[in-house]
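**Student:**
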Amino acid sequence: MATISSVGIGSGLDVKSIVSQLVALEKQPLSGLQVKAATINTRISAFGQVKSLVSALSGAAGTLNSLTTWNAVTASSSNTTGVTASAVGGTQSNAFTFQVTALAAAQSYASQALPLPAGTAIGSGGTLNITMAGATSPVEIEVAATDSVSDIASKINGSDAGVTAAVLNDASGERLLLRSKTTGVANGFTVTVTDNDLDNANDAGLSKLVFGASTVTAVDAAGTINGSINVTSATNTFSDVVSGVTLTAKEVMTSAADITVGPDRAAVTSAVDAFVKAYNDINSTLQELTKYDAGTKSAGLLQGDTTAISLQNAIRGVLQSTTSGSAYARLADVGITAALGGALSVDSTKFNAALDNGDEVKNLFTIDNSNTLTNGFALKFKTFSEGLLATDGFFSSKDASLKRSLDANAKDQTRLNEKVARVEAALNRRYSALDAQMASLSALNAYVTQQVTLWNKSTG
């Protein structure tokens, strides 16, 4: 392609400037397309922000609609130093007293002190037998004559004997210490030996580990319910002695603690607060995105977008609907009201008073009438938001529509750039040809002028 980078040699015209200006005129629609593309991308981002908030609303509504939230219970103790309490969801409200009378303990065992240098061999081998309470046969630990007390402890710890072993070194010598791995009488144990020296009870060889040994027996935790019902547990945890309630003994008590089990209002209140926040986040964001400020003449990113406005109206429509199957029909009946701009707030005094009628408040949010118009509010918003987020829902459709517009815009820009390139090439060809023609005419003019001058001289 012929190009002209300076003033035309033959024409004297600033061809580069002329072509540049003509090309700029052809490119003028491109800036409009670029602005439109930026606007589309901004709208895609704005709808993505709203989608994220709707997802949060879906989660909050799901939690508020969950039976786990409404069946949550709390258990309290008037003396947590002595006993703590917890309860599983769905446990019936209850009240009783509990007094810890004994704490669970593991059995411990200590051999006599062996006045031997640390690491000295036991002297004769054999079998150390550890029998757990209720077991029909012992765990047998094979001991060699060359084994030290530490070696024997290691063998015990490497077995499945149900005890842990350690070696105590003091001024008197070495002691083998055993302790059951779990507290409670049912986890006690006995220790016997089968000594290769054929005497299992003397103070020599392997028998030294049982001769003169001391034992502290295992103890079950014990407590009293309502002053008259005695209960025990192998551990310091009493599970289901009262259905659904777990009591953990901390120390022996001189008097009983009051245990109270009831609905966990904090769980419900927290779920309602999270739902209100999620709703308000969407409401305020859509207001900001669709607003127009006449004073500053500035508009939100989605101002004038009918789908965004329709979404806002639809969400408010769900809020303003009613529920059937509960003593309460509207959210306002339990203290949840909307201000002029649509923001929700909770009157905690009124809501807590309504929770005295907990089942009716639960129905206000969760009842399923198989009717999206009259279902509970949490279920309504969960269903509504899930529909918006579905693969064929509002956001997928809107995103696909905007991306189609963006693709079309990109193709328009490509076509325009290709057209401009063709126009620029054509202009360069034309002006190159014009310049060449003008150069030829200039040369002819110079030749004719020269010939006339010579002719005049010859005839003068």
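Using the numbering used here, the letters of the sequence shown correspond one by one to residues 750 to 1209.
We put the beta carbon where it would ideally sit given N, CA and C, even for glycine.
Computed from a predicted model, the values in this text were never measured in an experiment.
What does DSSP give as the partner residue(s) for residue 928 in the beta ladder?
**Tutor:** Along the sequence shown, one-based indexing puts residue 928 at 179. DSSP, once it has assigned bridges, lists 857, 913 as partnering residue 928.
**Student:** Once you ignore the five residues that flank residue 1096 on each side, which residues in its own chain have a CB closer than 8 Å to its CB?
**Tutor:** To locate residue 1096, count along the sequence shown from 1; it is residue 347. Answer for residue 1096: 1084, 1085, 1086, listed in chain order.
**Student:** On the criterion of 16 or more Cβ atoms from any shown chain inside 10 Å, does residue 957 qualify as buried, or is it exposed?
**Tutor:** The count along the sequence shown starts at 1 and reaches residue 957 at position 208. So residue 957 ends up on the buried side.
**Student:** Counting Cβ pairs, one atom from each stretch, are 3 or more of them under 8 Å apart for the region 835-853 and the region 1048-1066?
**Tutor:** With the cut-off at 8 Å, the region 835-853 and the region 1048-1066 do not touch.
**Student:** Along the chain, where does the beta strand (DSSP E) that runs through residue 996 open and close?
**Tutor:** As a working mapping, residue 996 is identified with position 247 in the sequence shown. 994-998 is the extent of the beta strand (DSSP E) around residue 996.
**Student:** Looking at the secondary structure, which residues open and close the alpha helix (DSSP H) in which residue 1093 lies?
**Tutor:** As a first step, residue 1093 must be located in the sequence shown, where it is residue number 344. Element bounds for residue 1093: not the alpha helix (DSSP H) but the beta strand (DSSP E), 1093-1095.
**Student:** Tell me whether residue 1179 is buried or exposed, calling it buried when 16 or more other Cβ atoms sit within 10 Å of its Cβ.
**Tutor:** As a working mapping, residue 1179 is identified with position 430 in the sequence shown. Result: exposed.
**Student:** My guess is that residue 1040 and residue 832 are in contact by the Cβ rule of under 8 Å, so how many angstroms apart are they, rounded?
**Tutor:** For this step, residue 1040 is matched to residue 291 along the sequence shown. For this step, residue 832 is matched to residue 83 along the sequence shown. Between residue 832 and residue 1040 the Cβ distance is about 58 Å, and since that is not below 8 Å, they are no contact.
**Student:** Return the residue from the list 1098, 1044, 1013, 1154 that minimises the CA-CA distance to residue 820.
**Tutor:** Looking up residue 820 in the sequence shown gives position 71. Comparing Cα positions, the closest option is 1013.
**Student:** Please report the residue range of the alpha helix (DSSP H) in which residue 1108 lies.
**Tutor:** In the sequence shown, the residue the question calls residue 1108 occupies position 359. Start and end: 1107-1115.
**Student:** In terms of residue numbering, what span does the alpha helix (DSSP H) encompassing residue 972 cover?
**Tutor:** Residue numbering aside, residue 972 sits at position 223 when the sequence shown is read from its first letter. From DSSP, residue 972 is part of no alpha helix (DSSP H) but of the beta strand (DSSP E) over 970-974.
**Student:** Let me know the secondary structure DSSP gives residue 788 once reduced to three states.
**Tutor:** Stepping through the sequence shown from its first residue, residue 788 is reached at position 39. It is helical.
**Student:** Assuming residue 1010 is part of the alpha helix (DSSP H), what are its boundary residues?
**Tutor:** Counting from 1 along the sequence shown, the entry for residue 1010 is found at position 261. Per DSSP, residue 1010 belongs to no alpha helix (DSSP H); it is in the beta strand (DSSP E), 1006-1012.
**Student:** Please classify residue 759: does DSSP put it in a helix, a strand, or coil?
**Tutor:** In the sequence shown, counting from the first residue as 1, residue 759 sits at position 10. Per-residue confidence for residue 759 stands at a pLDDT of 47, beneath the threshold of 50, marking its modelled position as unreliable; no derived number is given.
**Student:** Under 8 Å between the Cβ atoms of residue 1011 and residue 823?
**Tutor:** Numbered from its first residue, the sequence shown carries residue 1011 at position 262. Numbered from its first residue, the sequence shown carries residue 823 at position 74. For residue 1011 and residue 823, yes; Cβs fall inside 8 Å.
**Student:** State buried or exposed for residue 780, treating a residue as buried only when at least 16 other CB atoms are found within 10 Å of its CB.
**Tutor:** In the sequence shown, counting from the first residue as 1, residue 780 sits at position 31. Under this definition residue 780 is an exposed residue.
**Student:** Within the continuous alpha helix (DSSP H) that includes residue 1064, where are the two ends?
**Tutor:** Counting from one through the sequence shown, the residue named residue 1064 turns up at place 315. Its alpha helix (DSSP H) spans residues 1055-1068.
**Student:** DSSP three-state call for residue 960: helix, strand or coil?
**Tutor:** Indexing the sequence shown from 1 puts residue 960 at position 211. Reduced to three states, the DSSP call for residue 960 is coil.
**Student:** Hey, quick one: how far does the beta strand (DSSP E) through residue 979 stretch, first residue to last?
**Tutor:** Translated into the one-based positions of the sequence shown, residue 979 becomes position 230. From DSSP, the beta strand (DSSP E) with residue 979 extends over 978-982.
**Student:** Comparing alpha-carbon positions, which option in 1149, 1113, 860, 1165 lies nearest residue 1078?
**Tutor:** Counted from its first residue, the sequence shown places residue 1078 at position 329. Taking only the C-alpha atoms, the option nearest residue 1078 is 1113.
**Student:** Given that a residue counts as buried once 16 or more other Cβ atoms are within 10 Å of its Cβ, and exposed if not, what is residue 1169?
**Tutor:** Against the sequence shown, residue 1169 aligns to sequence position 420. It counts as buried.
**Student:** Classify residue 1121 as buried or exposed, calling it buried when 16 or more other Cβ atoms lie within 10 Å of its own Cβ.
**Tutor:** The sequence position of residue 1121 within the sequence shown is 372, counting from 1. Per the 10 Å Cβ criterion, exposed.
**Student:** What is the residue span of the alpha helix (DSSP H) that residue 817 lies within?
**Tutor:** As a working note, residue 817 is residue 68 in the sequence shown. Residue 817 -> alpha helix (DSSP H) spans 816-819.
**Student:** Applying the criterion that 16 or more other CB atoms from any shown protein chain within 10 Å of the CB defines a buried residue, is residue 918 buried or exposed?
**Tutor:** Here residue 918 refers to the residue found at position 169 of the sequence shown. By the 10 Å Cβ count, residue 918 comes out exposed.
**Student:** Thinking C-beta only, is residue 795 closer than 8 Å to residue 1009?
**Tutor:** Residue numbering aside, residue 1009 sits at position 260 when the sequence shown is read from its first letter. Residue numbering aside, residue 795 sits at position 46 when the sequence shown is read from its first letter. No; because the gap between Cβ atoms is not below 8 Å, this pair is not in contact.
**Student:** Whole angstroms is fine: what's the gap from residue 862's alpha carbon to residue 982's?
**Tutor:** Here the question's residue 862 lines up with position 113 in the sequence shown. Here the question's residue 982 lines up with position 233 in the sequence shown. Residue 862 and residue 982: Cα-Cα distance of roughly 34 Å.
**Student:** Following the continuous beta strand (DSSP E) through residue 865, name the residue where it begins and the one where it ends.
**Tutor:** Counting from one through the sequence shown, the residue named residue 865 turns up at place 116. Unbroken run through residue 865: none, as it is neither H nor E.
**Student:** Taking its Cβ as the centre, do 16 or more other Cβ atoms sit within 10 Å of residue 1164, making it buried, or is it exposed?
**Tutor:** Along the sequence shown, one-based indexing puts residue 1164 at 415. So residue 1164 ends up on the exposed side.
**Student:** Starting from the C-beta of residue 959, find all residues in its chain whose C-beta is less than 8 Å away, skip the five residues before and the five after it, and write them out in chain order.
**Tutor:** Here residue 959 refers to the residue found at position 210 when the sequence shown is read from its first residue. Counting only Cβ-Cβ distances below 8 Å, and skipping sequence neighbours, we find 860, 940, 941, 942, 949, 950.
**Student:** Label residue 1131 either buried or exposed according to how many other C-beta atoms from any shown protein chain fall within 10 Å of its C-beta, with 16 as the threshold for buried.
**Tutor:** For this step, residue 1131 is matched to residue 382 along the sequence shown. By the neighbour-count rule (16 or more Cβ atoms within 10 Å), residue 1131 is buried.
**Student:** Over what stretch of residues does the beta strand (DSSP E) that includes residue 879 continue unbroken?
**Tutor:** Residue mapping note: residue 879 aligns to position 130 of the sequence shown, counting from 1. Looking at the DSSP string, the run of the beta strand (DSSP E) that includes residue 879 is 875-881.
**Student:** Please confirm if the region 895-904 is in contact with the region 919-939, defined as three or more CB-CB distances below 8 Å between the two stretches.
**Tutor:** Result yes; three or more Cβ-Cβ pairs closer than 8 Å.
**Student:** Am I right that residue 938 and residue 841 are in contact with their C-beta atoms under 8 Å? What's the rounded C-beta distance?
**Tutor:** The residue you call residue 938 lines up with position 189 of the sequence shown. The residue you call residue 841 lines up with position 92 of the sequence shown. Actually they do not touch by this definition, with Cβ atoms about 40 Å apart.
**Student:** In chain order, what residues of the same chain have a beta carbon less than 7 Å from the beta carbon of residue 946, not counting five sequence neighbours either side?
**Tutor:** Against the sequence shown, residue 946 aligns to sequence position 197. Closer than 7 Å at Cβ, skipping near neighbours: 873, 953, 954.
**Student:** When you compare the CB positions of residue 970 and residue 985, do they come within less than 8 Å of one another, or not?
**Tutor:** Start at 1 with the first residue of the sequence shown, and residue 970 comes out as number 221. Start at 1 with the first residue of the sequence shown, and residue 985 comes out as number 236. For residue 970 and residue 985, yes; Cβs fall inside 8 Å.
**Student:** Between the C-alpha atoms of residue 1038 and residue 1052, what's the straight-line distance to the nearest angstrom?
**Tutor:** The residue given as residue 1038 occupies position 289 in the sequence shown. The residue given as residue 1052 occupies position 303 in the sequence shown. When rounded, the distance between both Cα atoms is 6 Å.
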